[in-house]
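Peer 1: After the structure tokens below, expect a handful of questions from me.
Chains as they are written, first to last, in this note's numbering: chain Z, 129 to 545; chain A, 129 to 545.
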């Protein structure tokens with residue numbers, strides 16, 4: 129007999145079939161119905177959320193995490209608004225990626241089609257529940273959601289609201305299902321639901337990613353660990369460098385595209401580090417500096433240990449290192465990069481070209497903040513996560529990354545000689 | 129201390145860096161040097177191969193497999209010719225996939241870059257050793273090869289020849305390495321070489337694929353299991369259907385895009401099956417028929433068991449089933465498809481549209497042979513395998529599928545508000 133997770137995955141697979149051939153108008157109607165329902169039933173959502181928040185506080189959850197967990201009427205409106213924006217985006221399904229007529233007359237086209245069933249494992253952020261459901265529906269996929277247990281009450285209500293909304297436009301409720309009630313065992317079973325789950329997107333810390341890598345037999349996409357560097361080259365414009373470093377570190381320190389290490393060319397360190405040190409100290413950033421940097425920063429710092437170069441702080445901390453030249457900078461970044469985002473500030477075309485050609489990451493940025501690596505910022509409309517792997521999707525994953533392709537071949541009796 | 133496989137993978141990673149930024153001219157020169165060297169040292173290759181073949185024969189290897197293992201002077205010329213054709217193909221690296229200027233003035237482009245290190249596990253076919261090395265080099269990747277043990281002697285000589293040729297154009301020998309000598313343990317270690325091997329391409333039977341799915345912690349692409357169907361619709365042109373069925377089954381029965389099941393609409397079964405039965409019997413095909421088909425085929429058949437519908441024969445065997453309508457055909461194919469290639473023969477536009485919209489496979493073919501699902505036939509120039517998974521690559525995998533992408537972002541001091 130099927131386990132609960134297998135039954136859920138089978139129901140998702142069956143539901144995904146009716147969505148795969150649904151025209152855009154039906155999918156967009158579903159998204160708008162979901163948005164309306166969330167607002168209409170906002171009180172029930174907020175009541176469930178208030179209970180989750182109270183329980184989390186009582187359990188001593190850190191304030192930053194409590195903030196991510198908390199919903200307000202304004203936040204619910206924002207989440208509903210994101211669904212409406214999704215409805216306005218082009219449908220990725222049916223896009224012809226390439227095509228040609230072969231010498232034997234066969235017409236060949238490669239067409240985007242839905243994956244089928246997308247599994248999503250993520251932290252206690254109720255907005256991700258809605259975003260993932262919306263991106264799934266728009267890209268023609270059923271979704272199976274496993275959110276952080278701290279948000280389980282909120283998620284249960286939200287998933288009910290979304291499923292009801294799907295039913296009002298004639299789509300199966302099973303397109304959006306939660307497995308929160310099955311705990312960690314349920315999540316591991318989801319990782320093993322081979323043939324039923326077409327792709328698994330884990331979104332969370334290094335522990336979750338490691339578990340998925342070790343356990344998953346379904347195809348998975350790694351997301352989100354970002355030990356991002358900003359390298360200030362010898363020829364950098366000092367004011368650009370100050371603004372980019374401060375923004376990359378401090379504009380929102382808890383996210384994966386925030387900078388974690390500042391690497392400075394020795395030739396500019398004496399001019400730049402006192403300025404940067406003052407900016408960063410004023411913003412409340414703790415600096416973990418190597419000896420050269422500590423001497424030049426002009427503000428207090430703590431000594432950088434070897435492990436600082438590999439730490440994704442996700443907080444107001446920044447490692448700082450002075451290097452003798454561009455080669456040493458590239459070498460440092462290569463050794464410690466997680467392949468997310470690396471930025472250079474320079475006025476040298478040669479340095480910019482070497483940086484973007486010789487490093488290997490999802491995003492390589494010249495003279496701008498690391499914080500731009502984001503689906504919304506890149507104009508992809510929305511994102512389900514930022515892939516740091518090389519297979520299938522690299523960088524911000526939007527709607528197209530939730531599809532696969534089929535080759536359609538049309539002939540009139542051609543056979544192979 | 130590093131194991132032998134880890135050392136090899138580290139050397140491959142280091143070597144891949146020098147290739148990643150090599151211009152097309154260097155890579156093409158390498159491919160031509162590899163082709164020339166194979167022909168020049170053909171005698172050594174053939175001598176090693178003769179020993180492998182003699183050992184395989186003595187061990188009782190099946191003739192079909194011995195044929196795949198066997199090299200001749202002509203086959204070596206053909207293999208070298210394939211390298212020269214690769215040199216003539218466009219370079220996938222550097223291709224700009226998409227790009228735009230964002231409202232804040234940032235210039236964004238998504239550019240193809242090499243994966244880095246490609247691991248390849250395959251059967252005892254020496255031509256795959258050369259094809260994989262060639263595709264790897266052209267796409268800017270280092271390759272680590274694990275061929276079937278029966279071809280180990282041949283592969284050792286070939287890898288030596290290819291590495292020597294790389295050295296003559298100034299590229300590192302470590303771009304092409306074999307781990308044949310480390311046996312199965314070596315292959316499993318390769319599956320675990322996370323962070324060093326960027327993608328693993330297993331090419332072989334269901335057993336190998338299962339092992340990779342279970343064991344691999346490096347990203348892997350499934351290839352090649354094809355339980356392909358040909359469905360003959362009520363309105364099919366009888367002569368087209370005869371030729372397509374015969375070609376799909378018998379033109380080369382041992383490959384993954386050969387048909388394994390014939391599904392026939394009841395309304396045309398009486399007219400079609402006697403014709404198809406004669407064609408297939410003359411070609412030496414054993415028919416595994418359901419009751420209705422057995423009655424109509426007009427030639428001897430064996431009863432189809434339930435397991436026949438799921439068997440990839442890879443031989444002159446064909447399962448045959450009569451269905452009452454298109455819905456039943458779609459249902460049968462959905463239940464037994466491995467997602468490789470499904471073909472319909474029909475003159476009905478509605479049937480063709482339902483077939484291509486409602487089924488889910490790498491290739492969906494209307495009025496042509498299943499045998500066309502092939503990188504060469506599709507005009508991709510060459511293929512490293514046929515993916516039956518949905519992530520990253522689906523269907524024939526050519527040079528582009530051996531690359532990933534990087535987002536390059538250029539600005540003049542932009543920060544995020």
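All residues carry an ideal CB built from backbone N, CA and C; glycine is no exception.
Just how far apart, CA to CA, sit residue 224/A and residue 528/A?
Peer 2: Approximately 12 Å, taken between the alpha carbons.
Peer 1: Mapping DSSP to helix, strand and coil, what is residue 159/Z?
Peer 2: The answer is helix: DSSP assigns residue 159/Z an H, G or I state.
Peer 1: Pop quiz: residue 534/Z and residue 454/A are said to be a contact at Cβ under 8 Å. What is the actual Cβ separation, rounded to whole angstroms?
Peer 2: Actually they do not touch by this definition, with Cβ atoms about 19 Å apart.
Peer 1: Along the chain, which unbroken stretches of the alpha helix (DSSP H) at least 4 residues long are found entirely within the segment 151-229 of chain Z?
Peer 2: Listed in chain order, the complete alpha helix (DSSP H) runs (minimum 4 residues) inside the segment 151-229 of chain Z are 152-168, 170-186, 191-197, 201-216.
Peer 1: Just checking: is the beta-carbon of residue 381/Z within a distance shorter than 9 Å of some beta-carbon in chain A?
Peer 2: Output row for residue 381/Z: interface = no.
Peer 1: Does residue 135/A pass the burial test, meaning 16 or more other C-beta atoms within 10 Å, or should it be called exposed?
Peer 2: When all chains shown are included, residue 135/A counts as exposed.
Peer 1: Where DSSP assigns a beta bridge to residue 242/Z, which residues make up the other side?
Peer 2: In DSSP, residue 242/Z forms a bridge with 531/Z.
Peer 1: Apart from the five residues just before and just after residue 539/A, which ones in its own chain have a Cβ nearer than 6 Å to its Cβ?
Peer 2: For residue 539/A, where only same-chain residues beyond five positions count, the Cβ hits under 6 Å are 234.
Peer 1: Closer than 9 Å, CB to CB, is residue 300/A near chain Z or not?
Peer 2: False, the Cβ-Cβ gap to chain Z never drops below 9 Å.
Peer 1: Residues of chain A with CB under 7 Å from residue 470/Z, in chain order?
Peer 2: Those within 7 Å of residue 470/Z in chain A number zero; the least Cβ separation is about 10 Å.
Peer 1: Would residue 452/A count as contacting chain Z if we go by Cβ distances under 9 Å?
Peer 2: No, no contact with chain Z.
Peer 1: Using a C-beta cutoff of 9 Å, does residue 330/A count as contacting chain Z?
Peer 2: So, not an interface residue.
Peer 1: For the alpha helix (DSSP H) that contains residue 468/Z, what are its first and last residues?
Peer 2: Per DSSP, residue 468/Z belongs to no alpha helix (DSSP H) and is neither H nor E.
Peer 1: Look up residue 283/Z in the DSSP assignment and say whether it is helix, strand or coil.
Peer 2: Residue 283/Z: helix per DSSP, three-state reduction.
Peer 1: Please return the same chain residues whose Cβ sits closer than 6 Å to the Cβ of residue 448/Z, not counting the five positions on each side in sequence.
Peer 2: Once the five neighbours on either side are set aside, the close Cβ partners of residue 448/Z are 390, 415, 417, 421.
Peer 1: Which chain Z residues are close to residue 520/A, counting only those with a beta carbon under 7 Å from its beta carbon?
Peer 2: By Cβ distance, chain Z contributes 519, 520.
Peer 1: For residue 357/A, does the three-state DSSP call read helix, strand or coil?
Peer 2: In the structure shown, residue 357/A sits in a strand (DSSP, three-state: E or B).
Peer 1: In angstroms with no decimal places, state the Cα-to-Cα distance between residue 266/Z and residue 291/Z.
Peer 2: Approximately 15 Å between the Cα atoms of the pair.
Peer 1: Measuring CB atoms only, is the segment 513-523 of chain A touching the segment 468-475 of chain Z, in the sense that at least three cross pairs come out at less than 8 Å?
Peer 2: No: the two stretches stay apart, fewer than three of their Cβ pairs being nearer than 8 Å.
Peer 1: So, is the C-beta of residue 512/A closer than 9 Å to a C-beta in chain Z?
Peer 2: Chain Z contact via Cβ: absent.
Peer 1: Buried or exposed, going by whether 16 or more other CB atoms sit within 10 Å of the CB of residue 342/Z?
Peer 2: By the 10 Å Cβ count, residue 342/Z comes out exposed.
Peer 1: Please name the residue in 459/A, 464/A, 452/A whose C-alpha comes closest to that of residue 436/A.
Peer 2: Residue 464/A is the option with its Cα nearest to residue 436/A.
Peer 1: Are the C-beta of residue 163/Z and some C-beta of chain A separated by less than 9 Å?
Peer 2: Closer than 9 Å: no.
Peer 1: Of all Cβ atoms in chain A, is any one closer than 9 Å to the Cβ of residue 506/Z?
Peer 2: Taking Cβ atoms only, chain A reaches closer than 9 Å to residue 506/Z, which makes this a yes.
Peer 1: Which of helix, strand or coil does DSSP assign to residue 447/A?
Peer 2: DSSP places residue 447/A in strand when its eight states are reduced to three.
Peer 1: Relative to the C-alpha of residue 133/Z, which candidate in 318/Z, 487/Z, 231/Z, 451/Z has its C-alpha closest?
Peer 2: For the residues 318/Z, 487/Z, 231/Z, 451/Z, the minimum Cα distance to residue 133/Z belongs to 318/Z.
Peer 1: Of all Cβ atoms in chain Z, is any one closer than 9 Å to the Cβ of residue 241/A?
Peer 2: Taking Cβ atoms only, chain Z reaches closer than 9 Å to residue 241/A, which makes this a yes.
Peer 1: Whole angstroms is fine: what's the gap from residue 336/Z's alpha carbon to residue 147/A's?
Peer 2: Going by the C-alpha atoms only, they are around 34 Å apart.
Peer 1: If you measure between the beta carbons of residue 326/A and residue 142/A, is that distance less than 9 Å?
Peer 2: It is not a contact, given that the beta carbons lie outside the stated cut-off.
Peer 1: By the three-class DSSP mapping on this structure, what secondary structure does residue 417/A have?
Peer 2: Looking at residue 417/A - three-state DSSP - the assignment turns out to be strand.
Peer 1: Residue 249/Z touches chain A at which residues, Cβ-Cβ below 7 Å?
Peer 2: In chain order: nothing, as chain A lies at least about 16 Å away.
Peer 1: Looking at the secondary structure, which residues open and close the alpha helix (DSSP H) in which residue 485/A lies?
Peer 2: It spans 477-486 - the alpha helix (DSSP H) in which residue 485/A sits, taken as one unbroken run.
Peer 1: Sort 216/A, 378/A, 461/A by Cα distance to residue 489/A and report the nearest one.
Peer 2: Residue 461/A is the option with its Cα nearest to residue 489/A.
Peer 1: Is the Cβ-Cβ distance between residue 214/A and residue 510/A less than 9 Å?
Peer 2: Closer than 9 Å, so yes.
Peer 1: Report all residues from its chain with a CB closer than 6 Å to the CB of residue 427/Z; omit the five preceding and five following residues, and keep chain order.
Peer 2: 405, 409, listed in sequence order.
Peer 1: Given a limit of 7 Å on CB to CB distance, which residues of the segment 525-545 of chain Z reach chain A?
Peer 2: For the segment 525-545 of chain Z, which is checked against every Cβ of chain A, the residues closer than 7 Å are 532, 533, 534, 535, 536, 537, 538, 539, 540, 541, 542, 543, 544.
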